[in-house]
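The block underneath contains the structure these notes are about, expressed in structure tokens.
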Amino acid sequence: MKIRKLTFCCGMATLWMSCLSVASDWQPQASDKLITLPANIIEKRIEQDFSASPMAQRLTDLDSQMQDKTARIAQLQNSLQIADGEALADVKYALVQEKSDYLDLLQESHQLRKQASIQKQGVYQQVLKKFRHQQTAGNTPTRIQLKQKQEAALARMEKVMAEVDQNLIHAGFNETSPYADEYAGNLAQIEQLKNAITSHRGNASPTLNGAQVSSEEYLRQLLMDIAMHQSLLDQEGLMLSYMARLVALDAQELEYQLAYGDSGDGNKTRVVNQASQAVDLFIL
Amino acid sequence: MKLLSITTGLMMGTLLMSHQAHSNTLFSLENLERERATYLHLLANSALSADERLRQSKQTYRRMVDMERMVLRDERITQSDAPMVKNAFSHYELTFLAHASAESQRTPYSHWLFTLNITPAVLGRSKMGGR
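Line by line, the protein sequences are chains F and G.
Numbering-wise (the numbering used here), the first sequence opens with residue 613 and increments by one.
Numbering-wise (the numbering used here), the second sequence opens with residue 61 and increments by one.
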């Protein structure tokens, strides 16, 4: 009866977990505001958002429950060494029950981590897509051509600027125009400001293994990390299924033990009274 | 919290400024076109005396020089692919008249006529007649 209850509990746990997935949800979005942030800050922001989500809270809760279960299992395994008779059967039952509960928690944690990983992957892919779109949005072939023409025209104009200024002086304009004055004055200051922006910490490129990389490269690295994490989660899923199989075998073994006893007596045919054994009673 | 407000405020300010700056990306080019049209009109205006024409055209020439430099340094212009921009950069000789004429060692008006192939020889070969 106890074992049946155990199996029933395992089945119920699966249903319960699908209900929980709604309560422990996380729905990250790659908003336009997020795209404006540096790549390393995007990562921090997403991690921060995840940490504050019901999903992350449920994971923390599951971790804590699993720690308790691990301690309880270790305690029962110690009791197993010293128990005997009826107490031993009780300990074995409790151990299977605790292992089953632990696996339910581990499976829920595994599913949540997998779901979080898939959602993070989705967000980073959206961010990368929007980032690439942003990079190429203003660069249509026509605009690139126009830019090139403007640069060529500016280079051509710069060659005759001194000559034009000379023409202006000949025309009686001994002083340069307000625009030319301001422009020359601002030019040096603009360079200083540009240098200050380039060397500003807030404008620093994200780093990977100590080397500065572009935002796009950083995002691609994040996606690679997630792919690696998902691969490890798949492996963990396989381990989980083997552990579940072991617990099922333990439960089955316990069920047989309770039904047929621990010793091999169950295999022996019950001794029945036979006529040959009673012959002595009659001939003496 | 205060710091966040400041950052947001600054970002909003930058956005507002860039929005205003992009409200008319062709502003400097339009000004140049207007200034050049005025300059050519002045030089072709027979109603003006030679002195008055010279005086007015000098002022316009100076403004035109500044405008041409502004247009070529204005990065916003190439953000637009309007026909006006394409046309301007396809005809350097006509668009940047002050600098192109200095390059060709001609007066701006001569350079304009020369670029449009209105030369004494062409004029000499032309005939009067109804269209």
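Glycine is no exception: its CB is placed at the ideal position from the N, C-alpha and C atoms.
Candidates the options: closest to residue i by CA position
{"i": "residue 768(F)", "options": "128(G), 179(G) and 168(G)", "result": "128(G)"}
{"i": "residue 685(F)", "options": "707(F), 667(F), 692(F) and 698(F)", "result": "707(F)"}
{"i": "residue 813(F)", "options": "653(F), 647(F) and 788(F)", "result": "653(F)"}
{"i": "residue 663(F)", "options": "821(F), 857(F), 637(F) and 779(F)", "result": "637(F)"}
{"i": "residue 712(F)", "options": "703(F), 645(F), 681(F) and 689(F)", "result": "681(F)"}
{"i": "residue 705(F)", "options": "864(F), 734(F) and 722(F)", "result": "864(F)"}
Contact with chain G by residue i, beta-carbon distance below 8 Å
{"i": "residue 755(F)", "result": "yes"}
{"i": "residue 780(F)", "result": "yes"}
{"i": "residue 806(F)", "result": "no"}
{"i": "residue 633(F)", "result": "Residue confidence is low: residue 633(F) scores 49 on pLDDT, short of 50, so the model does not pin down where it sits. No coordinate-derived value is stated."}
{"i": "residue 819(F)", "result": "no"}
{"i": "residue 762(F)", "result": "yes"}
{"i": "residue 646(F)", "result": "no"}
{"i": "residue 816(F)", "result": "no"}
{"i": "residue 783(F)", "result": "yes"}
{"i": "residue 759(F)", "result": "yes"}
Chain F contact for residue i (CB, 8 Å cutoff)
{"i": "residue 138(G)", "result": "yes"}
{"i": "residue 133(G)", "result": "yes"}
{"i": "residue 158(G)", "result": "yes"}
{"i": "residue 149(G)", "result": "yes"}
{"i": "residue 93(G)", "result": "no"}
{"i": "residue 153(G)", "result": "no"}
{"i": "residue 69(G)", "result": "The pLDDT assigned to residue 69(G) is 47, lower than 50, so where the model puts this residue is not dependable; a value taken from the coordinates is nonetheless given after this. False, the Cβ-Cβ gap to chain F never drops below 8 Å."}
{"i": "residue 182(G)", "result": "no"}
{"i": "residue 110(G)", "result": "no"}
{"i": "residue 122(G)", "result": "yes"}
{"i": "residue 128(G)", "result": "yes"}
Cβ pair residue i, residue j closer than 8 Å
{"i": "residue 132(G)", "j": "residue 737(F)", "result": "no"}
{"i": "residue 742(F)", "j": "residue 642(F)", "result": "yes"}
{"i": "residue 758(F)", "j": "residue 146(G)", "result": "yes"}
{"i": "residue 155(G)", "j": "residue 755(F)", "result": "no"}
{"i": "residue 838(F)", "j": "residue 665(F)", "result": "no"}
{"i": "residue 144(G)", "j": "residue 86(G)", "result": "yes"}
Residue i: CB within 7 Å of a non-hydrogen atom of the ligand ADP
{"i": "residue 176(G)", "result": "Among the components of this structure there are no ligands whatsoever, and the ligand ADP is therefore not found."}
**OP:** Report the residues of the stretch 658-690 of chain F with a CB closer than 9 Å to any CB of chain G, ordered along the chain.
**Re:** Hits within the stretch: zero.
Subject >> Interfacial residues, the stretch 786-803 of chain F to chain G, with Cβ spacing under 9 Å >> reply: Within the stretch 786-803 of chain F, the residues whose Cβ lies closer than 9 Å to some Cβ of chain G are 789, 790, 791, 792 and 795, listed in chain order.
**OP:** Entirely within the stretch 75-161 of chain G and at least 4 residues each: give me those alpha helix (DSSP H) ranges in chain order.
**Re:** 87-104, 110-133, 143-150 and 152-155
Subject >> Near-chain G residues of the stretch 696-709 of chain F (beta-carbon distance less than 8 Å), N- to C-terminal order >> reply: none
Subject >> Segments of 3+ residues assigned as beta strand (DSSP E) that fall wholly inside the stretch 712-779 of chain F >> reply: none
Subject >> Within 7 Å of chain F by C-beta, residues of the stretch 158-177 of chain G in sequence order >> reply: 158, 159, 162 and 163
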